[in-house]
Amino acid sequence: MAYREKDTKKWTAQWFETNVMGEKKKRRKRGFETKREALEFERSKKLSNERSMDMKLSDFIEIYFSDKQNDLKDRTIKNKRYMMQQHIVPYFGNQMMSEIKASQIIQWQNEIQKKGYSDSYLRMIQNQLTSLFTHAAKIYDLPVNPCKKVKRMGNSDSRSLNFWTLDEYKQFIQTMEPGTRYYLMFEMLFWTGCRIGELLAITKADINFEKNQLSINKTYYRTGMQDIITEPKTKQSFRTIEIPEFLKEEIKEFVDGHYGMPDTERLFPVVQEAVQHKMKR
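Now the structure itself:
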């Protein structure tokens, strides 16, 4: 019921909303000149907010996975969670779903794109945020899906990888034998977002097993029967990538299996054409 503020003499609208967890919360909006305006605002809020999305994005992630538990396989859930925790929660985790705007998503995209990920990995990150808002709009009646207002970052037709969804990657990697060189190469391409040339330049010294970090500081190409290692083209391409625990263990197992490998030796002494050929099979 609307009421008048004693100090300002203006009207305040108040109403109850039920969030997606079934919790009722009182809401207020101040500053109306007349009681009629406040009552009309209350009425509009009551009609449009059967279920309020006035909850933190980090909380909605749990609802999303609870809803999807019968639709997604355990590994897919694990993979999606990793990308959300790594790239989305640090930016939007404490913000209310109903308050995240398209302009903020553009700012987030700009920050993510500075990290030097491949186009295909950028598209995968974007897909995770889009899936959250699509679910919120479709199932919980979020009035506005801000992801629909902005251009998606990345590209599904990347030169780094020609797959970009989790399901497509899962189908692809199942054709590889776990623990082999190419299996690990594609795991690293997919989960770090590095480019093929960057991957082929990686040495044991670039991996910090204690901190779960991979340093990208050079790139590889072959020309005139010569192997060339050079610095990346841009400053943004110099970066340190956090790697998930399972990927670190896969890398460690591979390195340990090559006893005596020098710190400066390339982990994967193959050429780009060989990787691209595997991708096209």
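Residue 2 is where the sequence shown starts when you use this note's numbering, and the numbers rise one by one after that. Beta carbons: idealized from backbone N, C-alpha and C, even for Gly.
In DSSP terms, what residue i is bridged to
i      : result
Arg29  : Gln15
Thr131 : Bridge partners of Thr131: none, in fact.
Met2   : Met2 pairs with nothing; no bridge assigned.
Lys57  : Met97
Glu243 : Gln214
Asp207 : DSSP output for Asp207 lists no bridge partner at all.
Gln227 : Thr224
Arg37  : Answer is none; Arg37 lacks a bridge partner.
Arg267 : Thr204
C-beta atoms of residue i and residue j nearer than 8 Å
i      : j      : result
Asp55  : Ser99  : yes
Ala202 : Tyr221 : yes
Asp264 : Lys212 : no
Met97  : Lys57  : yes
Ile62  : Leu130 : no
Gly117 : Gln237 : yes
Arg31  : Glu6   : yes
Lys81  : Leu143 : no
Val276 : Ile208 : no
Val256 : Arg223 : no
Asp72  : Ile140 : no
Trp16  : Glu43  : yes
Ile174 : Glu199 : no
Gly285 : Glu254 : Lying before the first or after the last residue shown, residue 285 is absent from the chain, which here runs from 2 to 282.
Met125 : Met84  : yes
Lys249 : Phe210 : yes
Cβ-based neighbour list, residue i, same chain, cut-off 6 Å, excluding 5 preceding and 5 following
i      : result
Ser159 : Confidence is the limiting factor: at Ser159 the pLDDT is only 46, short of 50, which leaves the residue's position unreliable, though a coordinate-based value still follows. These residues qualify, in order along the chain: Ser119, Asp120 and Ser121.
Ile230 : Ala202, Lys219 and Tyr221
Asn163 : Low local confidence applies: a pLDDT of 42 at Asn163 is under 50, so the model's placement there is unreliable, with the coordinate-based value given in what follows. Correct list, in chain order: Met280.
Lys26  : Glu18
Ala39  : Ala3, Trp12, Ala14 and Phe33
Leu123 : Met154 and Gly155
Cys110 : Reading off the sequence, residue 110 comes out as Gln, not Cys. If we look at Gln110 and ignore the five residues flanking it on each side, its Cβ neighbours are Met154.
Thr9   : none
Cβ-based neighbour list, residue i, same chain, cut-off 8 Å, excluding 5 preceding and 5 following
i      : result
Glu266 : Thr204 and Lys205
Met177 : Tyr183, Tyr184 and Phe187
Thr135 : Asn146 and Cys148
Glu274 : none
Thr77  : Leu167, Asp168 and Lys171
Opening and closing residue of the alpha helix (DSSP H) in which residue i lies
i      : result
Tyr118 : Careful: Tyr118 lies outside any alpha helix (DSSP H) and carries neither H nor E.
Tyr183 : Arg182 to Thr193
Gly261 : First-last for Gly261: undefined, no H or E at that position.
Ser104 : Ala103 to Gln114
Glu169 : Leu167 to Ile174
Gly198 : Ile197 to Leu201
Arg82  : Asp75 to His88
Interface flag, residue i vs chain C, CB-CB below 8 Å
i      : result
Tyr118 : The structure shown contains no chain C; it holds only a single protein chain.
Residues near residue i by beta carbon distance below 7 Å, same chain, minus five either side
i      : result
Glu251 : Leu185 and Glu188
Lys74  : none
Lys115 : Gln237
Ala138 : Asn146
Kindly confirm or deny that the segment 105-115 and the segment 81-94 touch, where touching means at least three C-beta pairs closer than 8 Å. The segment 105-115, when compared against the segment 81-94, does touch it at the 8 Å Cβ threshold.
Using 8 Å as the cut-off, can you tell me whether the segment 138-155 makes contact with the segment 184-191, which would need three or more C-beta pairs spanning the two stretches below that distance? Using a C-beta cut-off of 8 Å, the segment 138-155 makes no contact with the segment 184-191, since fewer than three inter-stretch Cβ pairs fall below that distance.
Given 8 Å, three or more beta-carbon pairs between the segment 233-249 and the segment 189-200: The segment 233-249, when compared against the segment 189-200, does touch it at the 8 Å Cβ threshold.
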